[in-house]
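> The following block contains the structure, expressed as structure tokens.
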Amino acid sequence: MKIRFTLLLLLLSSVAFTQRMIFYVADTKGNCYGVGKGLCLQVKEKPDEPYALFYSGIEGFSYEEGYHYKLEVMRVKKERPPADGSAYNYYLINILNKERSKNYTLKNIPIPDQLSFSLVRISKSGKMEMIDNMLVPNISFDKKNGRISGKAGCNRYFGKVSFDQQRIFISGVGSTQMACTDMEIESLYLKHLTAVNRYQLSGNNLQLFRDQELLLQFIIPEN
Numbered sequence: 000m001k002i003r004f005t006l007l008l009l010l011l012s013s014v015a016f017t018q019r020m021i022f023y024v025a026d027t028k029g030n031c032y033g034v035g036k037g038l039c040l041q042v043k044e045k046p047d048e049p050y051a052l053f054y055s056g057i058e059g060f061s062y063e064e065g066y067h068y069k070l071e072v073m074r075v076k077k078e079r080p081p082a083d084g085s086a087y088n089y090y091l092i093n094i095l096n097k098e099r100s101k102n103y104t105l106k107n108i109p110i111p112d113q114l115s116f117s118l119v120r121i122s123k124s125g126k127m128e129m130i131d132n133m134l135v136p137n138i139s140f141d142k143k144n145g146r147i148s149g150k151a152g153c154n155r156y157f158g159k160v161s162f163d164q165q166r167i168f169i170s171g172v173g174s175t176q177m178a179c180t181d182m183e184i185e186s187l188y189l190k191h192l193t194a195v196n197r198y199q200l201s202g203n204n205l206q207l208f209r210d211q212e213l214l215l216q217f218i219i220p221e222n
């Protein structure tokens, strides 16, 4: 009886620290306030409320500017929240609706030349997963000569690239032929590179899509 009561207390305490919520996310980001802040999501919990800046991230959510979202998220209270940060972590449960904004004008932001972008997430079986390998793939663009190059993980690679507004076309990808113990991410990465046809650049975040499907997400590492 005592064990059963203890388990019930643990269950109730865990429920008290989690909450399912509905978020409405705006089609553009807003300027965050504070030192080192960039762009933040604009979020509200009810359709008739004004949007507010959202300083926390939503784990598992890949935001694409120009779309309105309705999300189901899980809010989890941190065990030791920082004094100057959010007391909660947020996790995506489901995208309930994604609708292109009628008023949004797509910004044609060119990809920076001769900068190395590091891969942070990759699509595996239709789900974006974080890169936790020691050998992180990267990519740099030589737009003058229409070339890309970088490390796919174990091997170096190269290829051709062309742009048309927000469209991107990568072809002729080749690589060195060193054998490593784990080639799964490298093989998938090179496969995705030749499949992408659209990009979106926001701040230091580069996303490569196949139509509406996000395949690769990069960042410019901080020096």
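Residue numbers for the sequence shown follow numbering that gives the first Met the number 0, beginning at 0 and rising by one.
We put the CB at the ideal spot given by N, CA and C, even for glycine.
Note that the structure is predicted; figures quoted are calculated from it, not measured.
Is the distance from the Cβ of tyrosine 90 to the Cβ of glutamate 58 below 8 Å?
Against the sequence shown, residue 90 aligns to sequence position 91. Against the sequence shown, residue 58 aligns to sequence position 59. Yes, they are a contact pair.
> With which residues is methionine 133 paired in a DSSP beta bridge?
Mapped onto the sequence shown, residue 133 falls at position 134. None; methionine 133 has no bridge partner.
> Quick check on leucine 114: buried or exposed, where buried means 16 or more other Cβ atoms within 10 Å of its Cβ?
To locate residue 114, count along the sequence shown from 1; it is residue 115. With fewer than 16 other Cβ atoms within 10 Å, it is exposed.
> If you follow the alpha helix (DSSP H) that serine 186 is part of, which residue opens it and which one closes it?
The residue given as residue 186 occupies position 187 in the sequence shown. Run containing serine 186: 183–192, per the alpha helix (DSSP H) assignment.
> Distance, Cα to Cα, valine 195 vs serine 100?
Within the sequence shown, the letter at position 196 stands for residue 195. Within the sequence shown, the letter at position 101 stands for residue 100. Roughly 23 Å separates the two Cα atoms.
> My assumption, with CB atoms under 8 Å, is that lysine 69 sits in contact with isoleucine 21. Please give the rounded CB distance.
Numbered from 1 along the sequence shown, position 70 holds the residue referred to as residue 69. Numbered from 1 along the sequence shown, position 22 holds the residue referred to as residue 21. Between isoleucine 21 and lysine 69 the Cβ distance is about 7 Å, and since that is below 8 Å, they are a contact.
> Are there 16 or more other CB atoms within 10 angstroms of the CB of cysteine 179, so buried, or fewer, so exposed?
Against the sequence shown, residue 179 aligns to sequence position 180. When all chains shown are included, cysteine 179 counts as exposed.
> What three-state label does DSSP hand lysine 160 in the structure shown?
In the sequence shown, residue 160 corresponds to position 161, counting from 1. Sequence inspection shows valine at residue 160; the lysine mentioned does not correspond to that position. In the displayed model, valine 160 falls within a strand according to three-state DSSP.
> Based on the DSSP output, what are the partners of leucine 213 in its beta bridges?
In the sequence shown, the residue the question calls residue 213 occupies position 214. According to DSSP, leucine 213 bridges with Phe208.
> Measuring alpha carbon to alpha carbon, tell me which residue in Ser174, Ile169 and Asn203 is nearest histidine 191.
Indexing the sequence shown from 1 puts residue 191 at position 192. If we check each option's Cα against that of histidine 191, Ile169 comes out closest.
> To the nearest angstrom, how far is it from the Cα of glycine 171 to the Cα of serine 186?
Along the sequence shown, one-based indexing puts residue 171 at 172. Along the sequence shown, one-based indexing puts residue 186 at 187. Between glycine 171 and serine 186, the C-alpha separation is close to 15 Å.
> Counting Cβ pairs, one atom from each stretch, are 3 or more of them under 8 Å apart for the region 213–221 and the region 151–162?
Too few Cβ pairs lie closer than 8 Å, so no.
> Mapping the DSSP letters down to three states, classify asparagine 102 as helix, strand or coil.
Taking the first residue of the sequence shown as position 1, residue 102 is located at position 103. Note: asparagine 102 maps to coil in three-state DSSP.
> Distance check for glutamate 48 and asparagine 93, CA to CA, integer angstroms please.
Reading the sequence shown from its first residue, position 94 is the one you call residue 93. Reading the sequence shown from its first residue, position 49 is the one you call residue 48. Rounded to the nearest whole angstrom, the C-alpha separation of asparagine 93 and glutamate 48 is 21 Å.
> By the DSSP assignment, the beta strand (DSSP E) with glutamate 44 in it spans what residues?
Residue numbering aside, residue 44 sits at position 45 when the sequence shown is read from its first letter. Looking at the DSSP string, glutamate 44 is not in any beta strand (DSSP E), and its letter there is neither H nor E.
> Reducing DSSP to helix, strand and coil, say where arginine 166 ends up.
Looking up residue 166 in the sequence shown gives position 167. Arginine 166: strand per DSSP, three-state reduction.
> Just mark alanine 25 as buried or exposed, buried being the case when its beta carbon has 16 or more other beta carbons within 10 Å.
Numbered from its first residue, the sequence shown carries residue 25 at position 26. Buried: at least 16 other Cβ atoms inside 10 Å.
> Under 8 Å, do aspartate 141 and aspartate 181 count as touching if we go by C-beta distance?
Within the sequence shown, the letter at position 142 stands for residue 141. Within the sequence shown, the letter at position 182 stands for residue 181. Contact: no.
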